[in-house]
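Okay, so here's the structure we're looking at.
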Amino acid sequence: MYAADYHHHTNHSFDSKAEMEDVCASAVNKGFNEICFTEHFSVNPNVPTYGHMDFERYFSEIERCREEFEGRLTIKAGIELCEPHLMKAEYEEVLRDKDLDFILGSVHNIEETKLRKVLQEKEREAAYRAYFEEMYALVEGADIDVLAHLDLMKRYDGTAGEKYAFRDYEALLRKILRKAVDRGIGIEINTSGLSNQKVGEAFPTMDILKLYKEVGGEILTIGSDSHKPETTGDYWESAVSMAKQAGFKRLYTFTKRDPQPYDI
1438 MYAADYHHHT NHSFDSKAEM EDVCASAVNK GFNEICFTEH FSVNPNVPTY GHMDFERYFS
1498 EIERCREEFE GRLTIKAGIE LCEPHLMKAE YEEVLRDKDL DFILGSVHNI EETKLRKVLQ
1558 EKEREAAYRA YFEEMYALVE GADIDVLAHL DLMKRYDGTA GEKYAFRDYE ALLRKILRKA
1618 VDRGIGIEIN TSGLSNQKVG EAFPTMDILK LYKEVGGEIL TIGSDSHKPE TTGDYWESAV
1678 SMAKQAGFKR LYTFTKRDPQ PYDI
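Okay, so the sequence shown: first residue is 1438 according to the numbering used here, each after it adds one.
Here's what the structure looks like:
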């Protein structure tokens, strides 16, 4: 089966020290056919993802790794945009001439406040609702290809042994997913939660995956969200099983932002 990890960070992201070459070598050793690097990027100077990305260095390293791993690994140039529905003109100006294959959109901050702090400052239900409302604003207004880790808020939820109740937010999640389908935006199965003992499950839940399928969703990627070479592609098989259980028969890769399906 074709295997593609579509969410990975290297030292081009502020929170990773991984060398791109080492990540590619790890992907090859683990039997992956394709990897897409999705470095953090923001145009907002008040959030942590601002100011680290050097696009010239990034694309140069992508090309070097493509040459080194030619015939062994397909390497795509992606980006993870932080709150791309905000400051849209600034994002458009920066990205206009960038030769990107894939754009993830994510919410890590609400009104420039980190999600962890949002959970500390708000009642639990209100914090989740604020997060999902921000995700709707993102999917409604941002120029992206795929929504990243749709229920990321649970990573920061300190309520031991509990998960948010899907039914409490089902209407809002349905609204998010319908808008994604209407705009041709996909979602990902992000496996990083499976390696986090407190989370213990992927982002998003099976309930959300099934709802996405129900409202007509097709575009689905799998990403490890790894920041280290050794965790490249972690839990990929588990994510494939989730996709199949939710009724999906295909996953997607992207080339120059054009979605391309492959069977699972």
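Backbone N, C-alpha and C fix where the C-beta goes; we use that ideal spot for every residue, glycine too.
Reduced DSSP secondary structure (H/G/I, E/B, other) of Asp1695: Here residue 1695 refers to the residue found at position 258 of the sequence shown. It is a strand residue.
Supposed close pair Ser1453, His1664 - CB separation, criterion 8 angstroms: Along the sequence shown, one-based indexing puts residue 1453 at 16. Along the sequence shown, one-based indexing puts residue 1664 at 227. Indeed they touch by this definition, with Cβ atoms about 4 angstroms apart.
Coil, strand or helix - Asp1442 by DSSP: Taking the first residue of the sequence shown as position 1, residue 1442 is located at position 5. Strand, per DSSP.
Contacting residues, own chain, Cβ-Cβ under 8 angstroms from Asp1459 (five flanking each side not counted): For the purposes of this step, residue 1459 is identified with residue 22 of the sequence shown, where counting begins at 1. Cβ contact annotation for Asp1459 (same chain, cutoff 8 angstroms, sequence separation greater than five): Pro1666, in chain order.
Helix, strand or coil at Glu1577 according to DSSP, with G and I counted as helix: Counting from 1 along the sequence shown, the entry for residue 1577 is found at position 140. It is helical.
Contact between the segment 1498-1508 and the segment 1476-1487 (3+ Cβ pairs under 8 angstroms): Flag = no, the segment 1498-1508 and the segment 1476-1487 do not touch.
Own chain, CB closer than 7 angstroms to Asp1700, minus 5 neighbours either side, in chain order: On the sequence shown, position 263 is the one that residue 1700 refers to. The residues are Lys1686 and Arg1687.
Glu1493 burial status per 10 Å Cβ neighbour count (16 or more: buried): Here residue 1493 refers to the residue found at position 56 of the sequence shown. So Glu1493 counts as exposed.
Segments of 3+ residues assigned as beta strand (DSSP E) that fall wholly inside the segment 1454-1478: 1471-1478
Assigned secondary structure, Tyr1565 (DSSP; H/G/I helix, E/B strand, else coil): What you label residue 1565 is simply residue 128 of the sequence shown in a count that begins at 1. If DSSP states are grouped into helix, strand and coil, Tyr1565 belongs with the helices.
Any C-beta of chain B under 8 angstroms from that of Phe1451: Of the protein chains in this structure there is only one, and it is not chain B.
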